[in-house]
Amino acid sequence: MNKIILRRSRIAVLLLSVFTLSFAGCKVQLISAYDDAIHTQITTASKDIDTFYTQMLATTTQGSAARQYSNFAANYATIEVELRQLYNINSTRAKNAQQDTICSLTLKQWLKYEAMHKGTGNGTLMDFQITLNRDFMLAKMQAMEVSERVKMLGASQASSSTNTNQ
77 MNKIILRRSR IAVLLLSVFT LSFAGCKVQL ISAYDDAIHT QITTASKDID TFYTQMLATT
137 TQGSAARQYS NFAANYATIE VELRQLYNIN STRAKNAQQD TICSLTLKQW LKYEAMHKGT
197 GNGTLMDFQI TLNRDFMLAK MQAMEVSERV KMLGASQASS STNTNQ
């Protein structure tokens with residue numbers, strides 16, 4: 077009787093060991109992997125947006141013809157292309173819903189700000205509008221950057237747990 081119990085215990089321990097070892101190498105990935113090229117693209121777009129609004133404030137005066145939309149249309153288009161490219165890249169990545177949403181909202185807000193500049197009074201913006209637009213867009217870009225960088229943290233945690241399992 078004791079031999080049967082001892083055999084069953086050994087079999088149970090053996091099965092438990094096999095299952096534990098087989099699952100130790102597995103990992104579940106809930107978000108997309110970090111992509112350095114996308115992170116670089118995000119920081120470049122962020123810098124371009126900051127430069128755009130900062131130069132508009134520094135080189136033009138409120139109510140002047142130099143601040144008219146037509147003088148900035150090409151810059152708006154360039155940044156729109158950057159934001160649209162970020163959106164397109166992120167919308168095709170698997171397990172990337174959060175960043176996809178941030179990219180979509182950022183692009184929509186950029187288009188709203190462009191339409192506001194185009195349609196405001198004589199096609200110019202006031203200083204406070206430029207400052208608010210810049211600050212809001214930079215906050216969106218920061219959220220996008222953090223969303224990408226946090227993936228690097230997940231990758232480093234996964235690699236450190238793999239190293240401790242070996």
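To convert, take the position in the sequence shown, counting from 1, and add 76; that gives the working numbering. Even glycine gets a Cβ: it sits at the ideal position worked out from N, Cα and C. Treat the numbers as computed from the prediction; the structure is a model and nothing was measured.
Same chain only: Cβ atoms within 7 Å of residue i, ignoring 5 sequence neighbours per side
{"i": "L201", "result": "R143 and H193"}
{"i": "T136", "result": "A142 and R143"}
Where residue i falls: helix, strand or coil (DSSP)
{"i": "L201", "result": "coil"}
{"i": "S237", "result": "The predicted model places S237 with a pLDDT of 46, which falls under 50 and marks its position as unreliable; any figure quoted below should be read in that light. Helix at S237."}
{"i": "R169", "result": "coil"}
{"i": "T137", "result": "coil"}
{"i": "Q242", "result": "Residue confidence is low: Q242 scores 49 on pLDDT, short of 50, so the model does not pin down where it sits. Its coordinate-derived value is still stated next. In this structure, Q242 counts as coil in the three-state DSSP scheme."}
{"i": "F212", "result": "helix"}
{"i": "Q144", "result": "coil"}
Check whether residue i and residue j have beta carbons under 8 Å apart
{"i": "W186", "j": "I165", "result": "no"}
{"i": "T119", "j": "E221", "result": "yes"}
{"i": "S108", "j": "K227", "result": "yes"}
{"i": "L162", "j": "Q117", "result": "yes"}
{"i": "D124", "j": "E158", "result": "yes"}
Exposure of residue i, with buried meaning 16 or more beta-carbon neighbours within 10 Å
{"i": "S146", "result": "exposed"}
{"i": "N243", "result": "The structure shown does not extend to residue 243, since the chain is modelled only from 77 to 242, so the question has no answer here."}
{"i": "S85", "result": "exposed"}
{"i": "K216", "result": "buried"}
{"i": "I178", "result": "buried"}
{"i": "Q175", "result": "buried"}
Close Cβ partners of residue i (< 8 Å) along its chain, the five nearest in sequence each way excluded
{"i": "Y129", "result": "I206, T207, N209, R210 and M213"}
{"i": "I114", "result": "L162, I165, N166 and E224"}
{"i": "A121", "result": "I155, E158, L159, L162 and M217"}
{"i": "D126", "result": "R210 and L214"}
Proximity test, residue i beta-carbon vs the ligand GTP heavy atom, cut-off 7 Å
{"i": "Y145", "result": "With respect to the ligand GTP, the structure shown offers nothing to examine, as it has no ligands at all."}
Cβ shell of residue i (< 6 Å), same chain only, five flanking positions each side left out
{"i": "Y152", "result": "E190"}
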